[in-house]
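Asker: Let me give you the structure first, and then I'll get to my questions.
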Amino acid sequence: NVQGKIIGFGGRVLDDSMPKYINSPETLIYNKGSNLYSLNFAKEDIRKKNRVIVVEGYTDILIVQQYGFNNGVASLGTALTTKQIELIKRFTDTVLIAYDADSAGNMATLRSLDLLIKAGLEIKVIALPQGNDPADFLIKKGNKAFQSLIDSSLSLMNYKLKLLYAKYSINTIEGKVKIIKEILPTLNVIDNEVELRAQIKKISEEL
Numbered sequence: 001n002v003q004g005k006i007i008g009f010g011g012r013v014l015d016d017s018m019p020k021y022i023n024s025p026e027t028l029i030y031n032k033g034s035n036l037y038s039l040n041f042a043k044e045d046i047r048k049k050n051r052v053i054v055v056e057g058y059t060d061i062l063i064v065q066q067y068g069f070n071n072g073v074a075s076l077g078t079a080l081t082t083k084q085i086e087l088i089k090r091f092t093d094t095v096l097i098a099y100d101a102d103s104a105g106n107m108a109t110l111r112s113l114d115l116l117i118k119a120g121l122e123i124k125v126i127a128l129p130q131g132n133d134p135a136d137f138l139i140k141k142g143n144k145a146f147q148s149l150i151d152s153s154l155s156l157m158n159y160k161l162k163l164l165y166a167k168y169s170i171n172t173i174e175g176k177v178k179i180i181k182e183i184l185p186t187l188n189v190i191d192n193e194v195e196l197r198a199q200i201k202k203i204s205e206e207l
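Each residue of the sequence shown is one higher than the one before, counting from 1 in full-length UniProt numbering.
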């Protein structure tokens, strides 16, 4: 946990056998949704850099930190909880999401991240190449390439719009309606009126 106390265990197979992961069951001491793996190691770097890199699993975070990105934590899944967000807010207000490419391209996963916007955090998405997770990418390409992805990361809103523009045609009424319908839940959690007006203006101009 954040204090560095052992509250559970996790293991991953090294071959293709199933199940891939074996984790401690949830108990009074261990609740997955109330913790961020490796936050005890990362919290000081998160404070210094004023941003946190969030990955999915503990194998990802081991590689991320091994390659020098010591402000990384693992959410142990793609659905961040309100308790995990409260933990993040203790150390920074800027979140970089580095989920596996397949998960980050999933609108259901991205909808779950709207809680971060509602909490008033700045959230960006690191766009990994299709089929890659952070560990794979770092091992293949190295930390400079990963840093380049961080530097070119998009806001959650812009990342969602990029996916929606690729999914639906902006040249048809039907496509525009579907884009607006899918982006509305994210617009609805923006409390800052100036930002909300700016986002609506941007989307209306693009459509």
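The C-beta atom is built at its ideal place from N, Cα and C for all residues, glycine as well.
Ordered along the chain, which non-local residues of its own chain (more than five positions away) have a Cβ less than 6 Å from that of residue 10?
Answerer: On the sequence shown, residue 10 is found 10 positions in, with the first residue counted as 1. Result list for residue 10: 23 and 58, in chain order.
Asker: Which runs of the beta strand (DSSP E), 3 residues or longer, sit entirely within the stretch 111-197?
Answerer: Runs of the beta strand (DSSP E) spanning 3 or more residues and lying entirely within the stretch 111-197 occur at 122-125, in chain order.
Asker: Ordered along the chain, which non-local residues of its own chain (more than five positions away) have a Cβ less than 6 Å from that of residue 143?
Answerer: Within the sequence shown, the letter at position 143 stands for residue 143. 67 and 68, listed in sequence order.
Asker: If I'm right that residue 112 touches residue 78 with Cβ under 8 Å, what's the distance once you round it to whole angstroms?
Answerer: If you number the sequence shown from 1, residue 112 lands on position 112. If you number the sequence shown from 1, residue 78 lands on position 78. That pair is a contact at about 7 Å.
Asker: Using a Cβ-Cβ cutoff of less than 6 Å, which residues in the same chain neighbour residue 103 once the five nearest sequence positions on both sides are dropped?
Answerer: For the purposes of this step, residue 103 is identified with residue 103 of the sequence shown, where counting begins at 1. Only 78 and 109 meet the Cβ criterion.
Asker: How many angstroms separate the CA atom of residue 74 from the CA atom of residue 51?
Answerer: Along the sequence shown, read from residue 1 onward, the residue named residue 74 stands at position 74. Along the sequence shown, read from residue 1 onward, the residue named residue 51 stands at position 51. Straight-line Cα distance between these residues: approximately 14 Å.
Asker: Is it right to say residue 72 is buried, meaning 16 or more other beta carbons lie within 10 angstroms of its own, or is it exposed?
Answerer: The residue labelled residue 72 in the question sits at position 72 within the sequence shown. Residue 72 comes out buried.
Asker: Whose C-beta lies closer than 8 Å to the C-beta of residue 106 among residues of the same chain, with five residues either side of it excluded?
Answerer: Within the sequence shown, numbered from 1, the residue matching residue 106 stands at position 106. Cβ within range, chain order: 78.
Asker: Tell me which same chain residues have a C-beta within less than 8 Å of the C-beta of residue 65, skipping the five on either side of it?
Answerer: Here residue 65 refers to the residue found at position 65 of the sequence shown. Hits under 8 Å: 38, 41, 42 and 72.
Asker: If you reduce the DSSP assignment to three classes, tell me which class residue 40 lands in.
Answerer: Position 40 of the sequence shown, counted from the first residue, corresponds to residue 40. Of the three classes helix, strand and coil, the one that applies to residue 40 here is helix, per DSSP.
Asker: For the alpha helix (DSSP H) containing residue 85, name the first residue and the last one.
Answerer: Here residue 85 refers to the residue found at position 85 when the sequence shown is read from its first residue. Per DSSP, residue 85 is one residue of the alpha helix (DSSP H) stretching across 82-89.
Asker: Between the stretch 164-175 and the stretch 85-105, do at least 3 Cβ pairs fall closer than 8 Å?
Answerer: Because the criterion of three Cβ pairs below 8 Å is not met, the stretch 164-175 and the stretch 85-105 do not touch.
Asker: By alpha-carbon positions, which one of 16, 17 and 29 ends up nearest to residue 8?
Answerer: Here residue 8 refers to the residue found at position 8 when the sequence shown is read from its first residue. Residue 29 is the option with its Cα nearest to residue 8.
Asker: Could you tell me whether the Cβ atoms of residue 127 and residue 145 are closer together than 9 Å?
Answerer: Position 127 of the sequence shown, counted from the start, is the residue given in the question as residue 127. Position 145 of the sequence shown, counted from the start, is the residue given in the question as residue 145. Result no, Cβ atoms of residue 127 and residue 145 do not sit closer than 9 Å.
Asker: Between residue 134 and residue 55, which are expected to be in contact by the criterion C-beta below 8 Å, what is the C-beta distance as a whole number of angstroms?
Answerer: The residue you call residue 134 lines up with position 134 of the sequence shown. The residue you call residue 55 lines up with position 55 of the sequence shown. Contact between residue 134 and residue 55 holds, with the beta-carbon distance rounding to 5 Å and staying under 8 Å.
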